[in-house]
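Numbering-wise (this note's numbering), the sequence shown opens with residue 5 and increments by one.
Note that beta-carbon positions come from the ideal geometry of N, C-alpha and C, so glycine has one too.
The next block holds one structure in the form of structure tokens; read it before the comments.
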Amino acid sequence: MNTPLQTPAVPTAEAIRRFVDTRIQPQAVQMDQDQEIPRALFTEMAAQGLMGLAVPAKYGGTAADYATLGAIHEELGRGYASVQNACTVFGMVCKPLSRFGTEAQKAKWLPAIAAGEVIPAIAITEPGVGSDIAKLETEAVKEEEHIILNGRKKYITLGQVADLFLVFARLNGRGVAVLVERGTPGLRVEPLHGLMGLRANMLAELSFEDCCVPAENMVGKVGFGFTHVANYALDEGRYTTACGSVGLAQACLELSFHYAAARSQFGEQLRKHQLVQKMLSEMITETKAARELCAAAGRLREQGDPAAITETLVAKYHASKTAVLAADHALQIHGAAGCLNGNPVERCYRDAKIMEIIEGTSQMHELQIARTFRL
């Protein structure tokens, strides 16, 4: 039977748990301060199969089922949310590439990503329209055997270090997805620093000025870019972000439980005070509920059930809000100690809020859920 402080064990997640405890958590403070994930850690992650979770086995990936994928992302979220979010990005590129890409595209890029030789990034968000896919302004023009890109992308996770970008643009008013390699003439990458949370996400702004790529770099058909490729990527991202949010909430719960057991106030352990018990109880209940919602979404996704899209929205909505609640309670329980730079609670508090924003804000989720249920 699982205690409130234990994450349910999944066989293939046990090695990841050890990896998180020995290689990710010990570096989390430094990564947060340096605002970067070391390239060497990506190499280690690839050796653990983390960069190939969404890559089919025939291309060197681990092709994790959704139950395993969810458990692994929960462990990563427990360790450090920026690393978990990086793995989310890998999935948001590899999953649609596996489904909509040509055999040549898959053979060229998927093995290299799974091996950690190539870091991918997805470029949807733009300065003027955010992630409103229907309003994206980046333009693509077809000229013989090439595609010319012009436009800007902003807040691109891993943009500072990515070797390959999956870029979304508009060609004659229809959505397209195009692979663009780093170093392509006409592509400029400008680092963005100072994000409140997920500081090691290595964000960048991308500028395309007559950026010319081979037409064979298009992923899927003309017109599929927004309706198929982007939506497929975002749906994948919501699931793993939901699971990562559960891990972040679990980290807050574990930190708070141990601190409340070690700390004494007014002659007794902090955890014996009823108001502290109330906060811990809420954290336990909401974290368990969020985990079950993620598990339900994972089962439907594994079955290919169309209802998985809505279940994933619900899971991401609740799990990200749970991460914020757990981080808030953890900060209250730790008091001034939790507010210091370098304290994991302070970092979790900043990271948790970002989980409510990435892959669709909580408000966008509310609107989509309401539409689904015809409210």
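In this structure Met49 is in contact with Gly120, their Cβ atoms being roughly 7 angstroms apart against a cut-off of 8 angstroms.
Beta bridge pairing from DSSP links Ile151 with Lys146 and Val217.
In this structure, Gln88 is the residue among Gln88, Thr188 and Gly241 with its C-alpha nearest to the C-alpha of Phe23.
Rounded to the nearest whole angstrom, the C-alpha separation of Cys98 and Thr92 is 10 angstroms. With a contact defined as Cβ atoms closer than 8 angstroms, Val182 and Val145 miss out at about 11 angstroms. One thing to note: Ile126 has its Cβ within 8 angstroms of the Cβ of Leu170. The C-beta of Gln269 has fewer than 16 other C-beta atoms within 10 Å across all chains shown, which makes the residue exposed. Assignment of beta strand (DSSP E) within the segment 10-81, counting only whole runs of 3 or more residues, yields no such run. Runs of the alpha helix (DSSP H) lying entirely within the segment 268-330, each at least 4 residues long, are 278-307 in chain order.
DSSP places Ala127 within a strand segment (E or B) once states are collapsed to three.
Between His232 and Leu317, the beta carbon gap of about 18 angstroms keeps them out of contact (Cβ cut-off 8 angstroms). Judged by DSSP secondary structure, Pro195 falls outside any alpha helix (DSSP H) and instead within the beta strand (DSSP E) spanning Leu191 to Pro195.
Straight across, the Cα-Cα distance linking Ala331 with His322 is about 14 angstroms.
DSSP places Gly177 outside any beta strand (DSSP E), giving it a letter other than H or E. The residues Thr291, Thr326, Ala327 and Ala330, in chain order, have a CB closer than 6 angstroms to that of Ala253 in the same chain once the five nearest residues on each side in sequence are set aside.
Beyond the five residues adjoining it in sequence on each side, Arg354 comes within less than 6 angstroms, by CB distance, of Met200 and Gly201 in the same chain, given in chain order. Judged by beta-carbon spacing, Ala208 lies within the 8 angstroms limit of Val193, meaning their Cβ atoms are closer than that value. Counting along the chain, Gln367 sits inside the alpha helix (DSSP H) bounded by residues Ser366 to Thr376. In this model, Ala138 and Gly229 are separated by some 11 angstroms (Cα to Cα).
A Cβ-Cβ contact shorter than 8 angstroms links Ala312 with Ala301. Buried is the label assigned to Arg295, since at least 16 other Cβ atoms lie within 10 Å of its Cβ. Only buried fits Leu259, as 16 or more other CB atoms lie within 10 angstroms of its CB.
Distance check between Ala68 and each of Arg82, Leu80, Gly53 and Glu78 places Gly53 closest, using alpha-carbon atoms only. Here Gln281 is exposed: its Cβ has fewer than 16 other Cβ atoms, across all protein chains shown, within 10 Å. For Cys91, the uninterrupted alpha helix (DSSP H) run begins and ends at Ala85 to Phe104, by DSSP. With at least 16 other beta carbons inside 10 angstroms of its own, Leu114 counts as buried.
The secondary-structure analysis by DSSP pairs Val184 across a beta bridge with Phe169. Taking Ser86 as the centre and dropping the five residues before and after it, the same chain places the C-beta of Leu202, Ala204 and Asn205 closer than 6 angstroms to its C-beta, in chain order. One alpha carbon belongs to Arg21, the other to Phe172, and they sit about 35 angstroms apart.
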